[in-house]
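Q: After the structure tokens below, expect a handful of questions from me.
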Amino acid sequence: MAFCNPRQLGTALPAVVPHLGQALSDPHPRVASAAQRSLDEVASVIRNPEVKRLVPTLLAALGDPNKHTRKMLDMLLSTVFVNTVDAASLALIMPVVQRGLKDRSGDIKKRAARIVGNLSALANDPRDMAPYVARLLPELQAALVDPLPEVRATSARAVGTLVRGMGPAAFSDLVPWLLTRLGSEASGVERSGAAQGLAEVLAVQGDAAVEALLPRILEGARARSAAVREGHVTLFKYLPGCMPAAFRVHLARVLPVVLLGLADEAEGVRDAALSAARVAVDLYATSALELLLPAVEAGIMNANWRIRQSSIELLGDLLFKVAGTSGRIQQDLQNEEDEGISVEAHGRAIAEALGNERRCQVLSLLYMARSDEAFGVRGAALHVWKTVVTNTPKTLGEILPALMAQVIRSLADPAEDPRAAAGRCLGELVRKMGERVLSQIVPILREGMNDPSPQTRQGVCSGLRDVLENAARDQLAQHLPSLLPAIQAALCDPDPEVRLAAGGVFNVLFKSGGAASLDSVVPALLASLDAPEAERQAQALEGLRVILGVRPSLLGSMLPRLTRPPPVATKLRALGTLCEVAGAALHAHLGSLLPALLALTSGHPDVSPATAAAHDAQRAVVLAVQEDGLYLLIAELLKGLDDDARRVGAAVGIGQLCRGSRLDFQEHIPALIASLVPALAEESDEEVVACWEALAAVTGSIPKEMQPNYVRCLKDAVLATRDKERRKRTGGPLLVKGFCLPKALGPVLPIYLQGMLQGSAELREVAAEGLGQLVEITGEEALRPYVVQSTGPLIRIIGDRFPWQVKAAILRTLGILIAKAGAGLKPFVPQLQTTFVKCLLDPEPRVRSLAAADLGALTRLSPRLDALLADLAASARAAAPGAAEAYLVALAGALAASGDRASPDALSRVGGAVQDALARAGEDEEARAA
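Residue numbers (this note's numbering): 6 to 935.
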């Protein structure tokens, strides 16, 4: 067989030689001898001179692999091949290599993998390697997931060389297998080895294969599984090194995914992303700088601190590469005052590579990162800064415009971290370098106030605040004159966010400059309220509003100028707006502010623009009062009710409070009722209507379940009102003007009704009496809409089992209603008759007496008078003496009220009943009198 043609030999030997090698160790001497002769014959046809010299050791390794495999692998690696390797040579070498790939020693596996890669390149005909692929590939795949990184790397290169030598078609299942292992959940070792192997294979297959597979890889880098993400990101660590030039075009798509991985929640993904990014920086720092730098700069400004830290480390690698330094130094990162360890040559190299403008931008980002919220970010930035910057003060002077632009942009950022970092950076500049930078910073900030972008103007204000906080008093005094106009303009800026930021500047300015800032800014804004342009007025008002928001104590200095006579509509409107933001600072000024407002609001809003503005201002003041100032407000309003000139305004203010305030003012309601109800007896119609509306607002704010609590205070207020009216009257009916208005009882009647329906027996009695007193001073026209609403509950309660005092109070009130309402009670006549007749039998004489009087008065409304008289007469004959007396009183009242409506027959029966009663009374004078 050894002397067959090369093609036959290449086909047969791969299957034969391994068996011959096993036969060498056969225990039968003749078998081993025959195997040795056969192998010698195979070796005799080897045409490669380098392999011929190794035949003895090769045969020894086949015979005793444990002893000679390592030696054979070393000899193969040390041999310099100048000729191609033929099929016979491969037949003897491959069993040794396969044995090495299976060895437990990582060192031997690494040697064997290197030899596989070399042989695939040295083979005389790639087809000579084909018979060995089926046995080599599983061993190489196993080596790809070996725990040792060197074994994985060597095996990956061997796989790539095999694919290059034999073509991708021979390895159709290899890429799917590698992709599966790339997302393996088993271990990071498998994922790393698969990434290395796939990178080598893709490098062999070319850019078309990468382009086709890249979307899937990028998708895997964003997968939900952390293991899948880690494996796919790891591929970008190895792929650029395998195909540096070809991969450059894919950087723009790959870098964002890699930078996103820097903030991944899984540590393995973060490490893989950082390694991949560093590889990209190392390979493309000079050739693809324009692609790398924007991605790294964007990462430095990322919201996630991990991305910021990793991006700064990458920027350092990039600058180190450009500058020609390793960046591997030891320095005290806690001491930020140390000068850098860079040399001028590094700075020149960076400037040449980036250009001066880009250098300033990059160093500005780096310097600002030294003030980052995260400690890791600060440390990384300081390390890079000290490595690439020689002279910090000099460099800051060179990059200051770019640094200020970056600081202003960050100060206007909606995220908290960039704003905080920029503020600290600016404060550090002012604090450490003082006038050296302040003289340059202030003009930049002042100019930034005129920027058309609101975000920039907001950032300028925030920066100005940080400057003022860190500047010394003498420095502040020097630059204050040039800053005040800009601050004043910012306080009046059209954008609310800019105004808010300007308020922070003013607050710092007030603490630092005190009266100087107050005497210049606030008066100027107050004067602008009188400007003819409405837009300028509105901007000035917003500026004052912002000032009060940060410094409420300044309200006291503004009020005299806003309330100074004569009243001006614009200033009164401003007063209302400012009080809305003054908070608790308003309370101390209520005593001086409210009297003037109450006097103005006593006029109708239509009288003048100033009066209308006063109404709006008073409402704003009333609703701006907080819980701890409520008692002061109530006291001023009650005081206003006692003053004729301010009564209407006070009533309006009470209504504004009750309708609009969210404060709990229930404890003040009794005092409000006690003052408002007597005011209903005033002479002025305007005052009466205003107080009635205020009373409606007060009682309307009482929850239904709490209304019974205010029965007593309402009853006392009604009595006081009645007494007040009685003192004024010289004749005529005793009516209160406020209770003669349309819907007059609407505010107070629900309180009495709830008291009768829900209160205790004693409270029901008080409520019933109070309702009767209220009806007495109410006009008939005003009472008519409420007759039905009032009578129903009275009838329902008197029918229940309550003490006689409750019944007596209800009967008195019903008597007043019968006298006052008249025909309005017709729907209730049957129920009332039944109720009164039932009460005629009550054990309590006063109940019987009141019922008899009410029944007598009711008969003028009764449609069946004769029947009622007959029933009363019959009951009087049959009743006990006490009840008979009540019946007779009722009969007397009925006859007096009915006039000539009674028929002769009914009168005869009544006469008979009276005679019987006289006969039974005998000598009892009281009975005879009844």
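Glycine residues also receive a C-beta, built at the ideal position from the N, C-alpha and C atoms.
These numbers were taken from a predicted model, which means no experiment stands behind them.
What's the C-alpha gap between C663 and V682?
A: Going from the Cα of C663 to the Cα of V682 covers about 16 Å.
Q: Cα-Cα, which of A379, G384, Q445 is closest to M409?
A: Per the Cα distances, Q445.
Q: Given this structure, state the Cα-to-Cα distance separating L822 from V771, to the nearest angstrom.
A: Near 17 Å, if we compare the C-alpha coordinates of V771 and L822.
Q: Would you check if the stretch 264-271 and the stretch 306-313 touch, i.e. whether three or more CB-CB distances between them fall below 8 Å?
A: Cβ pair count under 8 Å is three or more, so yes.
Q: Give the list of continuous alpha helix (DSSP H) stretches no shorter than 4 residues that lie fully inside the stretch 152-219.
A: Fully enclosed alpha helix (DSSP H) runs of 4 or longer: 154-171, 179-187, 193-210.
Q: Might you give, ordered along the chain, the residues of its own chain that have their beta carbon closer than 6 Å to the beta carbon of D212, omitting 5 neighbours on each side?
A: Excluding positions up to five away in sequence, the list reads A251.
Q: Within 10 angstroms of its Cβ, does V741 collect 16 or more other Cβ (buried), or is it exposed?
A: Buried: at least 16 other Cβ atoms inside 10 Å.
Q: Just to confirm my understanding: we take M438, look at its own chain, exclude 5 residues before and 5 after, and list those with CB closer than 8 Å. What are they?
A: So the qualifying residues of the chain are P398, L401.
Q: I'd like to know whether the C-beta atoms of L297 and A285 end up nearer to each other than 8 Å.
A: Yes, the pair counts as a contact, with Cβ atoms nearer than the cut-off.
Q: Let's test the definition: count the other Cβ atoms within 10 Å of the Cβ of S562 and tell me whether it reaches 16, buried, or not, exposed.
A: Per the 10 Å Cβ criterion, exposed.
Q: How big is the Cα-Cα spacing for E155 and A204?
A: In a straight line, the C-alpha of E155 is about 16 Å away from that of A204.
Q: With distances taken Cα to Cα, identify the nearest neighbour of T217 among E688, A787, H255, L602.
A: Here residue 217 turns out to be Ala, not Thr, going by the sequence shown. If we check each option's Cα against that of A217, H255 comes out closest.
Q: CB R566 to CB L531, shorter than 8 Å?
A: Yes, they are a contact pair.
Q: If you draw a straight line from the alpha carbon of A655 to that of L603, how long is it in whole angstroms?
A: Rounded to whole angstroms, A655 to L603 spans 6 Å at the Cα level.
Q: Okay, do the stretch 569-578 and the stretch 615-627 touch, 3+ Cβ pairs below 8 Å being the bar?
A: Judged by Cβ distances under 8 Å, the stretch 569-578 makes contact with the stretch 615-627, as three or more pairs qualify.
Q: Short check: CB of V586 to CB of G554, under 8 Å?
A: Taking 8 Å as the Cβ cut-off, V586 and G554 qualify as a contacting pair.
Q: Applying the criterion that 16 or more other CB atoms from any shown protein chain within 10 Å of the CB defines a buried residue, is Q739 buried or exposed?
A: Just to set this straight, residue 739 is Leu in the shown sequence, not Gln. When all chains shown are included, L739 counts as exposed.
Q: Drop a sphere of 10 angstroms on the beta-carbon of Q671, count the other beta-carbons inside from all chains shown, and report buried for 16 or more, exposed for fewer.
A: Result: exposed.
Q: Of the residues R717, S613, V852, E378, which one's Cα is nearest the Cα of E421?
A: The shortest Cα separation from E421 among R717, S613, V852, E378 belongs to E378.
Q: Counting only the same chain and skipping the five closest in sequence on each side, list residues whose C-beta sits under 7 Å from that of I355.
A: Hits under 7 Å: L324, V327, A328, R364, V393.
Q: In the structure shown, what three-state DSSP assignment does V382 receive?
A: Three-state result, V382: helix.
Q: Just to confirm before moving on: does the CB-CB distance between V263 and V238 stay below 8 Å?
A: In contact: V263 and V238 (Cβ atoms closer than 8 Å).
Q: In its own chain, which residues sit with a C-beta less than 6 Å from the C-beta of R119, not counting the 5 before and 5 after it?
A: T159, listed in sequence order.
Q: Have a look at T796, V85, L184, D498 and flag the residue whose alpha-carbon is nearest the alpha-carbon of V780.
A: The shortest C-alpha separation from V780 is found at T796.
Q: Measuring CA to CA, which of L845, A303, S315 is closest to F380?
A: Measuring from the Cα of F380, the nearest candidate turns out to be S315.
Q: Are the CB atoms of Y757 and L776 within a distance shorter than 8 Å?
A: Contact flag set, yes.
Q: For A271, which of helix, strand or coil comes out of DSSP?
A: DSSP places A271 in coil when its eight states are reduced to three.
Q: Rank D721, A128, G68 by C-alpha distance to the C-alpha of A93 and give the top, closest one.
A: Nearest of D721, A128, G68 to A93, Cα basis: A128.
Q: Around the Cβ of L443, are there at least 16 other Cβ atoms within 10 angstroms (buried) or fewer (exposed)?
A: So L443 ends up on the buried side.
Q: When you compare only the Cα positions, how much space is there between V274 and R157?
A: Cα-Cα distance, rounded: 20 Å.
Q: Can you find the residues in the same chain that come closer than 6 Å, C-beta to C-beta, to R253, ignoring five residues on each side of it along the sequence?
A: Hits under 6 Å: A293.
Q: Whose C-alpha, out of G428, I449, M373, is nearest the C-alpha of P406?
A: Nearest of G428, I449, M373 to P406, Cα basis: I449.
Q: To the nearest angstrom, how far is the alpha carbon of L149 from that of V121?
A: Those two C-alpha atoms are separated by around 14 Å.
Q: Does L82 pass the burial test, meaning 16 or more other C-beta atoms within 10 Å, or should it be called exposed?
A: Looking at its Cβ environment, which holds fewer than 16 other Cβ atoms inside 10 Å, L82 is exposed.
Q: Please state whether DSSP places V741 in a helix, a strand or coil.
A: Three-state result, V741: coil.
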